[in-house]
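Count along the sequence shown from 1, then add 14; that gives the number in the numbering used here.
Reading through the structure tokens given below for one structure.
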Amino acid sequence: MDVIKTVLIASIAVVLYYLLLQWPTQANTPERVEEISSQMPMDLVDESREIPSQTNINSDSEDSLSLFETPAIQTPKTPETKAPLMSSSKLFVLENDTLVMEIDGLSGRVVSSKLKLIKNSKNGETNLGIFGSTGENFYFANSGFFTKSQGYLQPEFTKISSYSGEENSKIYKLEGAASGLVFKREIKMHPGKYYLEVEDFIEGGLPGVDLEVTPYVVIERSEEEVEEGGLAYTYLGPVFSTQEEKYEKYDFDDIDDANFKIQSPGGWASLIQHYFVSAWVPDQSRSYLYQARKNPATGRYSIGYTSSSEVLGVNKGLVSFKNTLYVGPKLPEQLKTVHPDLDLVVDYGFLWWLGKPMYWLLNLGHDLFKNWGLAIIFLTILLKIATWPLSAAAYRSMGKMRVLAPRMKEIQDRHGDDKQKAGQAMMEFYKKEGVNPLGGCLPMLIQMPFFLAFYWVLMETVELRHSPFIFWIDDLSAMDPFFVLPLLNAAGMYYSQKLTPAPANADPMQAQMMKFFPLIFAAIFAFFPSGLVLYWLINMLVTLFQQWWYYRKEVKA
Numbered sequence: 015m016d017v018i019k020t021v022l023i024a025s026i027a028v029v030l031y032y033l034l035l036q037w038p039t040q041a042n043t044p045e046r047v048e049e050i051s052s053q054m055p056m057d058l059v060d061e062s063r064e065i066p067s068q069t070n071i072n073s074d075s076e077d078s079l080s081l082f083e084t085p086a087i088q089t090p091k092t093p094e095t096k097a098p099l100m101s102s103s104k105l106f107v108l109e110n111d112t113l114v115m116e117i118d119g120l121s122g123r124v125v126s127s128k129l130k131l132i133k134n135s136k137n138g139e140t141n142l143g144i145f146g147s148t149g150e151n152f153y154f155a156n157s158g159f160f161t162k163s164q165g166y167l168q169p170e171f172t173k174i175s176s177y178s179g180e181e182n183s184k185i186y187k188l189e190g191a192a193s194g195l196v197f198k199r200e201i202k203m204h205p206g207k208y209y210l211e212v213e214d215f216i217e218g219g220l221p222g223v224d225l226e227v228t229p230y231v232v233i234e235r236s237e238e239e240v241e242e243g244g245l246a247y248t249y250l251g252p253v254f255s256t257q258e259e260k261y262e263k264y265d266f267d268d269i270d271d272a273n274f275k276i277q278s279p280g281g282w283a284s285l286i287q288h289y290f291v292s293a294w295v296p297d298q299s300r301s302y303l304y305q306a307r308k309n310p311a312t313g314r315y316s317i318g319y320t321s322s323s324e325v326l327g328v329n330k331g332l333v334s335f336k337n338t339l340y341v342g343p344k345l346p347e348q349l350k351t352v353h354p355d356l357d358l359v360v361d362y363g364f365l366w367w368l369g370k371p372m373y374w375l376l377n378l379g380h381d382l383f384k385n386w387g388l389a390i391i392f393l394t395i396l397l398k399i400a401t402w403p404l405s406a407a408a409y410r411s412m413g414k415m416r417v418l419a420p421r422m423k424e425i426q427d428r429h430g431d432d433k434q435k436a437g438q439a440m441m442e443f444y445k446k447e448g449v450n451p452l453g454g455c456l457p458m459l460i461q462m463p464f465f466l467a468f469y470w471v472l473m474e475t476v477e478l479r480h481s482p483f484i485f486w487i488d489d490l491s492a493m494d495p496f497f498v499l500p501l502l503n504a505a506g507m508y509y510s511q512k513l514t515p516a517p518a519n520a521d522p523m524q525a526q527m528m529k530f531f532p533l534i535f536a537a538i539f540a541f542f543p544s545g546l547v548l549y550w551l552i553n554m555l556v557t558l559f560q561q562w563w564y565y566r567k568e569v570k571a
């Protein structure tokens with residue numbers, strides 16, 4: 015089979031491989047809060063007031079920090095009826111110009127979040143939700159304190175107030191009391207931002223009695239499939255950043271096999287899905303125990319961390335715990351504002367060092383043309399120009415091979431079935447004419463990292479979601495509704511085959527099979543997001559021009 019064609023096929027296969035490599039099941043976006051659990055299932059406990067530097071703990075041994083079952087504060091269950099999930103407590107609403115959050119007064123958890131500027135569906139009226147529950151689907155976040163004797167302390171917030179802060183921020187203050195303890199939570203929301211600065215306070219207790227409290231944060235969600243347009247499958251699951259690994263995926267299957275536990279200074283914990291992320295980021299000057307586990311009773315997964323325990327009592331009347339909660343789209347600049355490494359959740363894979371400048375150029379294209387489809391064309395052309403010298407070597411070789419094809423065929427016919435003599439004669443012919451049949455392979459292989467990086471940039475750019483291009487393409491993140499782009503790709507691929515010289519000793523059966531490849535890839539591209547297919551189409555058109563140009567020059571020569 016022709017080496018050049020083989021390289022092209024292998025290149026597309028590599029792209030498909032990396033696409034399928036990240037084929038998780040994803041959760042449906044929550045639409046409405048219907049149930050609120052009265053029990054915190056995350057068993058995050060600090061059994062020591064000192065946290066050593068980073069230590070990987072993947073067993074339930076007795077370490078300075080470990081997991082243990084919550085004391086007997088569970089809601090009673092009967093064989094016939096599940097524990098009630100509905101709370102009768104008050105819901106407190108917090109909002110800025112991008113987010114609407116609902117907090118359950120009893121447990122303090124964020125039970126709903128809506129993104130004001132992002133719709134759940136194209137041309138829909140419902141704002142997209144991140145946290146919330148619909149039926150069996152469940153997704154929430156919380157922060158607070160835990161004790162060995164009482165388990166997770168419920169703040170029982172009953173009062174909310176708000177006031178303006180610096181730089182037009184808005185600060186909400188929640189207050190509550192239970193079991194002789196006073197709970198407060200301050201939440202700062204900045205205009206245009208998807209992150210909240212959250213600080214929890216606990217004070218009081220029984221006179222003369224010390225109480226050891228453990229600060230914690232948690233994200234909990236169930237695992238279920240989500241419907242997406244086309245073959246847009248990306249990673250769904252927990253991601254941790256620690257001193258040892260800046261970006262460590264530990265998916266739901268990993269949690270099923272073993273709980274995740276690791277001690278580290280600084281860092282963050284998140285749960286990512288296509289286009290969106292929720293993440294807790296602590297004060298980077300302290301150390302934490304990062305954890306992930308599955309609750310066997312509910313089947314839901316919990317991700318979070320605990321800080322070192324502190325004693326609330328005679329010598330210390332107040333304990334506080336400050337964190338930042340991000341809940342929204344994967345916008346690199348906002349993510350970096352929260353933590354320098356949080357933008358890694360915009361996952362460009364191992365080619366992130368190429369993906370980041372490509373994303374910058376894609377944004378530049380949008381600033382110039384005010385259209386994300388034109389921005390894709392802009393970046394594709396820039397990429398082809400940047401790799402033009404590499405492509406030139408390949409297409410010059412292909413053009414010369416095409417010109418010499420009739421003479422190569424004569425050599426093959428002259429030697430008939432004697433492949434050894436035919437091979438020797440061809441090598442002498444290549445040497446005489448100064449042709450290297452493999453001359454175009456290496457330059458094309460060198461280009462592959464650029465194309466793979468561009469693929470991941472397009473898959474991870476949330477701005478393409480629901481963004482129109484022209485005419486019938488009204489959503490670059492969805493399939494082409496009329497399959498025009500896939501068919502144009504097929505036509506371009508077919509014409510490219512015509513311009514590509516076939517080897518003199520090509521297998522007729524393989525040559526026949528190659529003719530079906532444009533249709534096969536048209537069928538595959540039919541299920542890809544139209545923004546990605548647009549990239550392939552423009553790339554194909556520029557490639558055809560390059561093939562024609564260098565073939566034309568070789569013919570004239």
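Just so you know, even glycine gets a beta-carbon here, dropped at the ideal spot from N, CA and C.
| Item | Value |
| --- | --- |
| N-terminal and C-terminal residue of the alpha helix (DSSP H) that Ala192 is part of | Segment 184 to 192 is the beta strand (DSSP E) holding Ala192; no alpha helix (DSSP H) there. |
| Secondary structure of Phe215, DSSP reduced to three states | strand |
| Straight-line Cα distance separating Lys184 from Glu257 | Glu is not the amino acid found at residue 257; the sequence shown has Gln there. Roughly 33 Å between the two C-alpha positions. |
| Test item: CB-CB of Asp494 and His480 under 8 Å | no |
| Alpha-carbon to alpha-carbon, His288 and Leu555 | 30 Å |
| Whole alpha helix (DSSP H) elements within the stretch 244 to 277, 4-residue minimum | 266 to 271 |
| Contact set for Phe392: own chain, Cβ-Cβ below 6 Å, skip 5 residues either direction | Gly379 |
| C-alpha gap between Arg307 and Ile276, whole angstroms | 12 Å |
| Alpha carbon of Arg314 to alpha carbon of Glu237, nearest angstrom | 7 Å |
| Contacts around Asp355, its chain only, beta-carbon distance under 6 Å, and the 5 residues preceding and following it disregarded | Ser255, Lys260 |
| Span of the beta strand (DSSP E) around Gly138 | No beta strand (DSSP E) contains Gly138, which DSSP labels as neither H nor E. |
| The beta strand (DSSP E) enclosing Thr228, as first and last residue numbers | 225 to 235 |
| Integer Cβ distance of Ser544 from Ala492, believed to fall under 8 Å | 6 Å |
| Under the three-state DSSP convention, the category Asp494 falls into | coil |
| Own chain partners of Leu546 with C-beta closer than 6 Å, once the 5 adjacent residues on each side are dropped | Leu472 |
| Stretch-stretch touch, CB-based, cutoff 8 Å, three pairs: the stretch 167 to 187 with the stretch 204 to 211 | yes |
| One or two residues paired with Glu109 in a DSSP bridge | Val114 |
| 3 or more residues per run - each beta strand (DSSP E) lying fully within the stretch 294 to 344 | 301 to 308, 315 to 320, 324 to 326, 332 to 343 |
| Beta carbon of Thr320 nearer than 8 Å to that of Thr228 | yes |
| Distance cut-off 7 Å: Leu551 Cβ against heavy atoms of the ligand SAM | In the structure on display, the ligand SAM does not appear, and there are no ligands present to speak of. |
| Distance between Gln168 and Asn596 (C-alpha atoms, nearest Å) | The first residue shown for the chain is 15 and the last is 571, placing residue 596 beyond what the model contains. |
| Which of helix, strand or coil DSSP assigns to Ala505 | helix |
| Same chain, Cβ closer than 6 Å to Lys104, neighbours up to 5 away in sequence not counted | Gly119 |
| N- and C-terminal bounds of the beta strand (DSSP E) containing Trp282 | 282 to 286 |
| Length at least 4, wholly inside the stretch 380 to 441: the alpha helix (DSSP H) runs in chain order | 386 to 400, 402 to 429 |
| Nearest-angstrom Cα separation, counted from Tyr340 out to Thr351 | 11 Å |
| C-beta contact flag for Tyr373 and Thr475 at 8 Å | yes |
| Distance, Asp111 Cα to Leu459 Cα | 47 Å |
| Integer Cβ distance of Leu349 from Asp357, believed to fall under 8 Å | 4 Å |
| Start-to-end residues for the alpha helix (DSSP H) that takes in Leu195 | No alpha helix (DSSP H) contains Leu195, which is instead part of the beta strand (DSSP E) from 195 to 203. |
| Close-in-space but distant-in-sequence residues of the same chain around Gly332 (CB under 6 Å, 5 per side omitted) | In the sequence on display, residue 332 carries Leu and not Gly. Once the five neighbours on either side are set aside, the close Cβ partners of Leu332 are Glu217. |
| With 16 other Cβ atoms within 10 Å as the buried cut-off, status of Asn337 | buried |
| Span of the beta strand (DSSP E) around Lys350 | First-last for Lys350: 346 to 352, but that is the alpha helix (DSSP H), not the beta strand (DSSP E). |
| Between the CA atoms of Gln560 and Ser147 - distance to the nearest angstrom | 53 Å |
| Secondary structure of Ser481, DSSP reduced to three states | coil |
| Residues that DSSP places opposite Thr148 in a beta bridge | Asn151 |
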